[in-house]
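Structure representation (structure tokens):
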């Protein structure tokens with residue numbers, strides 16, 4: 003029986019493309035309307051895993067994703083990095099010279115602004131990239147309309163690919179967490195994600211981070227988010243290289259527990275081998 007993975011969006015979204023990249027084309031996927039629905043599908047065992055978008059190299063962190071992680075007992079199974087490409091899609095028989103407007107999510111339109119301007123195409127904001135492809139395929143009258151979406155969306159909804167990789171900036175990557183209930187197996191290269199809050203005295207954050215620095219542990223991410231139940235008291239999401247069961251990492255986390263007011267382990271997991279620059 004094929005593994006089923008939940009994602010936010012509709013068929014053909016970048017999240018579904020990331021699932022296929024990580025688990026292969028035979029995986030089953032379950033589209034969810036919202037990120038909260040994605041967690042619900044996993045918690046009610048409708049699926050084995052869920053793919054959660056965490057951050058984009060251009061747009062930054064996905065705030066709601068961090069809030070949901072804070073409230074969840076799910077474990078990160080792996081991180082997945084997708085190189086995001088936008089394709090110009092149109093109904094069969096339509097040529098680039100026939101287009102007048104292009105629909106897509108505002109972020110996708112902004113990331114292809116120079117291409118659209120060069121071809122004198124009017125951008126029209128839509129709720130979702132794959133949704134723009136789906137809706138165009140359903141319309142009876144669609145003269146002069148194209149969309150920016152994945153090539154997978156074009157394949158699923160019967161649209162032609164007029165141009166591939168039309169994004170203006172080549173280093174557009176989105177990072178996802180694959181979530182599940184179990185502890186993943188250790189790999190050759192692992193990362194650990196935690197969230198913690200500091201005590202209230204000068205140098206508190208410095209002291210917490212020093213537990214990693216003095217042991218030569220490389221922090222690959224540090225981001226503060228508001229703590230919802232305590233105004234003006236942030237929490238810090240951190241990623242570091244290594245598995246929490248590695249002796250040096252275990253020692254650092256133990257010391258962090260003594261220095262911080264709150265620590266939560268989000269998971270130790272195999273890190274993505276995909277690089278942030280190039281493919």
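Residue numbers (this note's numbering): 3 to 281. Beta carbons are placed, not taken as given, at the ideal position from N, Cα and C, and that holds for glycine.
- Relative to residue 188, the option among 13, 170, 271 whose CA is nearest is 271.
- For residue 135, same chain residues with a beta-carbon under 7 Å away, outside a window of 5 residues either side, are 14, 91, 149, 151, 155, 156, 159, 161 in chain order.
- Within a 10 Å sphere around the beta-carbon of residue 103 sit fewer than 16 other beta-carbons, which makes this residue exposed.
- Residue 215 holds the alpha-carbon nearest to the alpha-carbon of residue 253 among 238, 268, 215, 146.
- Straight across, the Cα-Cα distance linking residue 266 with residue 7 is about 25 Å.
- Counting only residues of its own chain and dropping the five nearest sequence neighbours on each side, residue 245 has a CB closer than 8 Å to the CB of 188, 192, 194, 251, 270.
- Within the same chain, Cβ atoms closer than 6 Å to the Cβ of residue 166 are found at 89, the five residues on either side in sequence being excluded.
- Look at residue 255 here: in three-state DSSP terms it is helix.
- With contact defined as three or more Cβ pairs closer than 8 Å, the stretch 54 to 73 and the stretch 171 to 191 are in contact.
- Within the same chain, and ignoring the five residues on either side of residue 257 in sequence, the residues whose Cβ sits closer than 6 Å to its Cβ are 213.
- DSSP, read as helix, strand or coil, puts residue 86 in coil.
- Each residue's CA atom was taken as its position, placing residue 264 and residue 206 some 13 Å apart.
- Check the Cα spacing between residue 10 and each of 37, 31, 28: the tightest is with 37.
- Take the alpha-carbon of residue 26 and the one of residue 4: they are about 11 Å apart.
- In this chain, the alpha helix (DSSP H) harbouring residue 39 covers 37 to 45.
- Around the beta carbon of residue 24, 16 or more other beta carbons sit within 10 angstroms, so the residue counts as buried.
- Sequence-distant Cβ neighbours of residue 126 in its own chain, meaning closer than 6 Å and more than five residues away, are 103, 105.
- Residue nearest to residue 122 within the set 109, 50, 98 is 98 (criterion: CA-CA distance).
- Annotated three-state conformation of residue 188 is coil, per DSSP.
- For residue 199 against residue 168, the beta-carbon gap comes to about 43 Å, at or over 8 Å, which does not count as contact.
- For residue 144, same chain residues with a beta-carbon under 7 Å away, outside a window of 5 residues either side, are 93, 138 in chain order.
- The C-alpha of residue 28 is placed about 30 Å away from the C-alpha of residue 60.
- Judged by DSSP secondary structure, residue 227 falls within the beta strand (DSSP E) whose first and last residues are 221 to 228.
- When rounded, the separation of the alpha-carbon atoms in residue 242 and residue 255 is 11 Å.
- Nearest to residue 63 by alpha-carbon distance, out of 110, 225, 129, 131, is 225.
- Residue state for residue 137 is assigned as helix, using DSSP reduced to three classes.
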